[in-house]
Amino acid sequence: MRVLIYENSAGFSSYTHKLCCALQEEYHEADITYMTQQNNSEILSLHEAVHLKAVLECYDNSGKNSLKWFFNRVLVSIKNLRKRNKEIKKGHYDVVSLQATIPVFDRFFIGCAQRHARIVYTVHDVVPPIKSFYYSERSLRKLYRTVDHLIVHSEQNKAQLQEMFGISAEKISVVFHGTDVAYPRLDRAACRAQFGIDSDKTVFLFYGLIREQKGLADLIVAMKDVPHAQLVIAGAMPYGESFQVYEKMLAEQDINCIKMVHYIPNEWTDALYTACDVVCLPYRYFYSQSGVFMQAIQYRKPVVITDVAAFGEYLSTYRMGELARPCDATDLSEKLCVMQQRLREDPEYYFEGLERAANDNSWQSSAKRHWQIFCGVCE
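Our numbering puts the first residue of the sequence shown at 4, with every later residue one more than the last.
Right, dumping it as structure tokens:
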């Protein structure tokens, strides 16, 4: 089977390149091609048998929201969609796995692609978390209804596609986000010293791009009543936005906090997860799956998380954390304290659930499920 895995930008590369590698490792007879942008750093670790086509143009990120920026987005998006359709036509692919695209433009291009291959669209965000001209309700509906099959990461996402866009259940498959099972075993004390983290505190980690919907403001308020604790914030602000509002809240609440408000290099990730005790995801709303959440599973770190997206599904299956109500700093604070107390009484309290979650949701398991879906749409 010939499969083209396409993403219009490198934004989902940490997911897509691992899926490519897992598919190639599990199915040696498979003919996998990965089409992505030229600046994708993940291609350096791509499986040698995967055919790479890093030919898509990159966006110009200068002058955000200017007229020049806008026209660059439009021009590059259309060029890349044309390149994709040309590759599909000449490549004689059986299946195209669409990982990321621009719905507002692709609704006009996807029909042409579908003439030459089956299209399976992985819906990472049923409704994207930030407003953008990249999508509209009409463009999402057109795309969802046109492709041959849809993959989502949770039963809740499947229900959202059915209720919000009228997609039939038979057209949707649930495949949990894959995770790496192995991780480096580093010295915890050395990792804490590397970042200036207190050696005797319960360390709560907020990791990743800092958006309003991720609930950092709620976490800061909640941390005030958690004793002997330290908060680590590691991640960048969206382009053009300021951290000042959170800085003010941290000062007013007098929170013990280590701040790394910038892009976090990949080589820091192992040390940050090793240094922390708990990963916090206090999302206010969310329609997808979180890469940070899957990293918490990989590093066997318990989570304090809000009941949005698929998080409740995971915690009902695996004892791996505490579930709080979204947008409720008081309830979140209580769950942080419960987590802290349980870890003090039994540091291994959540480990069995995390271990099971890592093995059940490995990239190998994800690849097998994807392959079943690809074979199904071809039949």
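Ideal Cβ placement from N, Cα and C applies to all residues, glycine included.
Can you check DSSP and say which residues form a bridge with residue i?
{"i": "residue 1", "result": "A question about residue 1 goes unanswered here, because the residues of the chain that appear run from 4 up to 382."}
{"i": "residue 5", "result": "34"}
{"i": "residue 234", "result": "207, 260"}
{"i": "residue 2", "result": "No answer is possible for residue 2: the residues shown for the chain start at 4 and end at 382."}
{"i": "residue 325", "result": "307"}
{"i": "residue 284", "result": "308"}
{"i": "residue 40", "result": "59"}
{"i": "residue 103", "result": "10"}
{"i": "residue 182", "result": "365"}
Helix, strand or coil: how does DSSP classify residue i here?
{"i": "residue 51", "result": "coil"}
{"i": "residue 56", "result": "strand"}
{"i": "residue 308", "result": "strand"}
{"i": "residue 12", "result": "coil"}
{"i": "residue 166", "result": "helix"}
{"i": "residue 380", "result": "helix"}
{"i": "residue 247", "result": "helix"}
{"i": "residue 142", "result": "helix"}
{"i": "residue 202", "result": "coil"}
{"i": "residue 293", "result": "coil"}
{"i": "residue 365", "result": "strand"}
{"i": "residue 110", "result": "coil"}
{"i": "residue 373", "result": "helix"}
Using the C-alpha atoms, what's the distance from residue j back to residue i?
{"i": "residue 72", "j": "residue 291", "result": "28 Å"}
{"i": "residue 1", "j": "residue 129", "result": "In the structure as shown, the chain begins at 4 and stops at 382. Residue 1 is therefore absent and cannot be evaluated."}
{"i": "residue 24", "j": "residue 229", "result": "42 Å"}
{"i": "residue 82", "j": "residue 60", "result": "8 Å"}
{"i": "residue 266", "j": "residue 51", "result": "29 Å"}
{"i": "residue 10", "j": "residue 42", "result": "13 Å"}
{"i": "residue 231", "j": "residue 351", "result": "20 Å"}
{"i": "residue 103", "j": "residue 57", "result": "15 Å"}
{"i": "residue 355", "j": "residue 111", "result": "48 Å"}
{"i": "residue 223", "j": "residue 343", "result": "16 Å"}
{"i": "residue 362", "j": "residue 145", "result": "36 Å"}
{"i": "residue 284", "j": "residue 226", "result": "13 Å"}
{"i": "residue 152", "j": "residue 98", "result": "11 Å"}
{"i": "residue 406", "j": "residue 124", "result": "Because the chain here runs from 4 to 382, residue 406 falls outside it and cannot be looked at."}
{"i": "residue 372", "j": "residue 178", "result": "7 Å"}
{"i": "residue 254", "j": "residue 219", "result": "14 Å"}
{"i": "residue 46", "j": "residue 22", "result": "12 Å"}
{"i": "residue 5", "j": "residue 212", "result": "35 Å"}
{"i": "residue 162", "j": "residue 321", "result": "21 Å"}
{"i": "residue 252", "j": "residue 7", "result": "47 Å"}
**Request:** Determine contact between the stretch 249-265 and the stretch 74-93, defined as no fewer than three beta-carbon pairs at a distance below 8 Å.
**Result:** Below 8 Å, too few C-beta pairs join the stretch 249-265 and the stretch 74-93 to call them touching: fewer than three.
**Prompt:** Are three or more beta carbon pairs between the stretch 306-316 and the stretch 235-244 nearer than 8 Å?
**Reply:** Counting Cβ pairs under 8 Å, fewer than three are found: no touch.
**Prompt:** Looking at C-beta atoms only, is the number of pairs between the stretch 184-192 and the stretch 28-43 that lie closer than 8 Å three or more?
**Reply:** Flag = no, the stretch 184-192 and the stretch 28-43 do not touch.
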